[in-house]
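Under full-length UniProt numbering, the sequence shown has 105 at position 105, and the numbering climbs by one with no breaks. A virtual CB, placed ideally from N, CA and C, is assigned to each residue, including glycine. It should be emphasised that the depicted structure is a prediction, and the values quoted were computed from it without experimental measurement.
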Amino acid sequence: MKKDTKAEISENLNGEHKNASSKIDAIKELIFGENIQEYNEEFEALKKDILHKKNELQELISSVESELLQSIDSLSTDINIRVTELENTVNDKLDDLGDKKADRKLLSELFIKLGEKIAE
Numbered sequence: 001m002k003k004d005t006k007a008e009i010s011e012n013l014n015g016e017h018k019n020a021s022s023k024i025d026a027i028k029e030l031i032f033g034e035n036i037q038e039y040n041e042e043f044e045a046l047k048k049d050i051l052h053k054k055n056e057l058q059e060l061i062s063s064v065e066s067e068l069l070q071s072i073d074s075l076s077t078d079i080n081i082r083v084t085e086l087e088n089t090v091n092d093k094l095d096d097l098g099d100k101k102a103d104r105k106l107l108s109e110l111f112i113k114l115g116e117k118i119a120e
């Protein structure tokens, strides 16, 4: 008998709980009725708009990211070309200087030999 009583009590409590919440919902509906529906519709519209804007922003971010990566690649290639050109120019100048110094050295040797021949 105790088991049956406990079951009845829990059913009554559950039933009362369900009835109480449905009563509260009914009171809310009476008081706020149309306003809540309007608010829900507005919130849904705002949600859709926000999601749409979010998707647009993500697409824009992706587009800008790909453009930036492409620009960085292009700039990197341009810089590499310019650095290579500068290296070649510097190497050419160093070769010219080396040749000029060799010529001076050769000239000095020739002048020494010429001086020795004159001295004889």
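Indicate the three-state DSSP secondary structure (helix, strand or coil) for residue i in the structure shown.
| i | result |
| --- | --- |
| residue 120 | coil |
Using the C-alpha atoms, what's the distance from residue j back to residue i?
| i | j | result |
| --- | --- | --- |
| residue 52 | residue 24 | 35 Å |
| residue 88 | residue 72 | 24 Å |
| residue 60 | residue 44 | 24 Å |
| residue 20 | residue 49 | 37 Å |
| residue 80 | residue 107 | 40 Å |
| residue 90 | residue 118 | 41 Å |
| residue 187 | residue 63 | The displayed coordinates of the chain run from 1 to 120. Any statement about residue 187 would go beyond what the structure contains. |
| residue 69 | residue 56 | 20 Å |
| residue 39 | residue 67 | 41 Å |
| residue 41 | residue 29 | 15 Å |
| residue 95 | residue 112 | 25 Å |
| residue 114 | residue 120 | 10 Å |
Residue i CB to nearest chain D CB: under 8 Å?
| i | result |
| --- | --- |
| residue 47 | Here chain D cannot be found, since the structure has a single protein chain. |
Margin query: Give the list of continuous beta strand (DSSP E) stretches no shorter than 3 residues that lie fully inside the segment 45-75.
Written below: none
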